[in-house]
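Let me begin by presenting the structure, written as structure tokens, before commenting on it.
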Amino acid sequence: MADLEVHSAELVATSIQPDEAPLLLDELPLFALAAAYARGSSSVQGARELRVKETDRIETVTNALRALGIRIRASDDGFGVRGIPSRPKGGGVDAAGDHRIAMLGAIAGLVSREGVDVEGAEAVAISFPGFFELLDSVTHR
């Protein structure tokens, strides 16, 4: 047995280097969202493989987060995010048939002020059929 004590802390910007990015490809869309809340500018380099997933995930993530008011710019092999530790208003995200983008939109909805409508949310079933049920169970107040 052990006691676990958890404290919140401010997120601080970071950079994901080219040797790290290939190990984190599935996590990078959510990294981009978290980076939007960090103090400073975060970046990802070496993630060119994201351009040949179900969608061009670099562009799809960039477009989705820009639609929510997040400052993000795409590069050839990654993206940069300027963190502004405040909650985005919310809005709409087109998952474009990509399960990772659908999950990104749903999680962005949790941290936005007005929620996020995810067009094509059913795409999550590709990799995580119970995603919305689990998300609801851990966020239900």
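Here the sequence shown stands for residues 29 to 169, where the numbers follow the working numbering.
A virtual CB, placed ideally from N, CA and C, is assigned to each residue, including glycine.
Within a Cβ cutoff of 7 Å, which residues of the same chain sit near residue i, ignoring the five residues on either side of it in sequence?
i: Ala102; result: Ile86, Glu87, Thr90
i: Leu163; result: Ala134
i: Ala95; result: Gly119, Gly120, Val121
With DSSP as the reference, please indicate the residues paired to residue i in a beta bridge.
i: Val144; result: Gly119
i: Ile44; result: Val72
Hey, would you say residue i sits closer than 8 Å to residue j, going by beta carbons?
i: Ala49; j: Ala66; result: no
i: Met131; j: Val152; result: yes
i: Gly148; j: Ala124; result: yes
i: Asp31; j: Gly74; result: no
i: Pro116; j: Ile98; result: yes
i: Gly111; j: Ala63; result: yes
i: Leu53; j: Leu78; result: yes
i: Phe107; j: Val80; result: no
i: Pro57; j: Ile129; result: yes
i: Ala60; j: Ile100; result: yes
With DSSP run on the structure shown, which of helix, strand or coil describes residue i?
i: Phe59; result: helix
i: Gly108; result: strand
i: Gly68; result: strand
i: Ser36; result: coil
i: Ser165; result: helix
i: Ile98; result: coil
For residue i, does the count of other Cβ atoms within 10 angstroms reach 16, so buried, or fall short, so exposed?
i: Ile154; result: exposed
i: Val34; result: exposed
i: Ser70; result: buried
i: His127; result: buried
i: Gly68; result: exposed
i: Val109; result: buried
Sorted by chain position, which residues of the same chain lie with C-beta nearer than 6 Å to residue i's C-beta, five sequence neighbours on each side aside?
i: Arg76; result: Asp105
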